[in-house]
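These notes concern the structure reproduced below.
There are 2 protein chains.
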Amino acid sequence: MLVVRDLVLGGSRFKDFARSPESIPTNILADRLQRLRAAEVIRQIPAADGTRRLAYELTEKGAALRPVLLALRDWGLAWESGTEARLGSRV
Amino acid sequence: MLVVRDLVLGGSRFKDFARSPESIPTNILADRLQRLRAAEVIRQIPAADGTRRLAYELTEKGAALRPVLLALRDWGLAWESGTEARLGSRV
DNA sequence: GCTTTTTACTTTCGGATTGCAAGTGATTAT
DNA sequence: ATAATCACTTGCAATCCGAAAGTAAAAAGC
Chain S
11 MLVVRDLVLG GSRFKDFARS PESIPTNILA DRLQRLRAAE VIRQIPAADG
61 TRRLAYELTE KGAALRPVLL ALRDWGLAWE SGTEARLGSR V
Chain P
11 MLVVRDLVLG GSRFKDFARS PESIPTNILA DRLQRLRAAE VIRQIPAADG
61 TRRLAYELTE KGAALRPVLL ALRDWGLAWE SGTEARLGSR V
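Protein sequence lines, in the order shown, are assigned to chains S and P.
If you want our numbering, it's the 1-based position in the first sequence plus 10.
If you want our numbering, it's the 1-based position in the second sequence plus 10.
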């Protein structure tokens, strides 16, 4: 879910996910990326910066998780102190 | 999350959760009930059937998770075959 | 062109978490 | 009075996770 959130926020590279404030271990991150790809929530694409490196983007199925993230964000903002709103507007 | 879903659906007793199709082991269930109580998502109440047994209900904070469940249900219905809609109408 | 750094992982390993099975004491049904 | 149900707890093997280190390929710096 945190990987999906990062993708919605614009991050798209392995290093971006690894540097997120939750600081996921890289072995777990690699496993999650693999599983999310198997579930067709994300897909691999070539990096946008001209290099031969990889990046990830949400599939249509993955983008459809946005309302779930927004509902969770709203709940956190309303009920859990310390919740930060990095996700933008509704729907 | 599955405990919260069961509570939204009407189940309220330990046995109800334990008998859910996901069949959670009872030691994990006991742990989750304790944690959800600590997080003030659920609270203990006396059972409704006159016996001296226990039941659980959602707090206001817990009930506020309903939109999250609905968003997840909608996603499952749209993208995951085999998703069953046991949750009722919107909001 | 050669060295250093970055990237995207994999491997290793101790500790935490989980699933399964069985057990327990109190309450309730027969 | 006896049996069954309820709401857990305990014990143990297997799985999963986090932290750290290692690696191969690509990119950056000089």
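All residues carry an ideal CB built from backbone N, CA and C; glycine is no exception.
Chain-ordered neighbours of residue i on chain S, where CB pairs are closer than 7 Å
{"i": "Ala-81(P)", "result": "Pro-77, Val-78 and Ala-81"}
Residue-chain proximity (residue i, chain P), Cβ-Cβ < 7 Å
{"i": "Ala-7(S)", "result": "An answer regarding residue 7(S) cannot be provided, because it is not within the stretch 11 to 101 covered by chain S."}
Top-ranked residue by Cα proximity to residue i, from the options
{"i": "Phe-27(S)", "options": "Val-13(S), Leu-75(S), Leu-19(S) and Ile-52(S)", "result": "Val-13(S)"}
{"i": "Glu-70(S)", "options": "Asp-16(P), Phe-24(P), Arg-29(P) and Glu-90(P)", "result": "Glu-90(P)"}
{"i": "Ala-74(P)", "options": "Leu-43(S), Gly-86(S) and Asp-41(S)", "result": "Gly-86(S)"}
{"i": "Gly-72(S)", "options": "Phe-24(P), Ala-88(P) and Val-18(P)", "result": "Ala-88(P)"}
{"i": "Lys-25(S)", "options": "Val-18(S), Leu-19(S) and Thr-36(S)", "result": "Thr-36(S)"}
{"i": "Ala-57(P)", "options": "Leu-46(P), Gly-20(P) and Ala-49(P)", "result": "Gly-20(P)"}
{"i": "Ala-8(P)", "options": "Ala-95(P), Met-11(P) and Gly-92(P)", "result": "This structure does not reach residue 8(P), given that chain P is present from 11 up to 101, and the question cannot be answered."}
Listed by chain order, chain S residues near residue i by CB distance under 8 Å
{"i": "Lys-71(P)", "result": "Trp-89"}
DSSP state of residue i mapped onto helix, strand, coil
{"i": "Ile-52(P)", "result": "strand"}
{"i": "Leu-68(S)", "result": "strand"}
{"i": "Pro-35(S)", "result": "coil"}
{"i": "Gly-92(P)", "result": "coil"}
{"i": "Asp-84(S)", "result": "helix"}
{"i": "Ala-58(S)", "result": "coil"}
{"i": "Ala-73(P)", "result": "helix"}
C-beta contact flag for residue i and residue j at 7 Å
{"i": "Gln-54(P)", "j": "Leu-64(P)", "result": "yes"}
{"i": "Val-78(S)", "j": "Ala-81(P)", "result": "yes"}
{"i": "Leu-97(S)", "j": "Arg-83(S)", "result": "yes"}
{"i": "Asp-16(P)", "j": "Ser-30(P)", "result": "yes"}
{"i": "Ser-22(P)", "j": "Tyr-66(P)", "result": "yes"}
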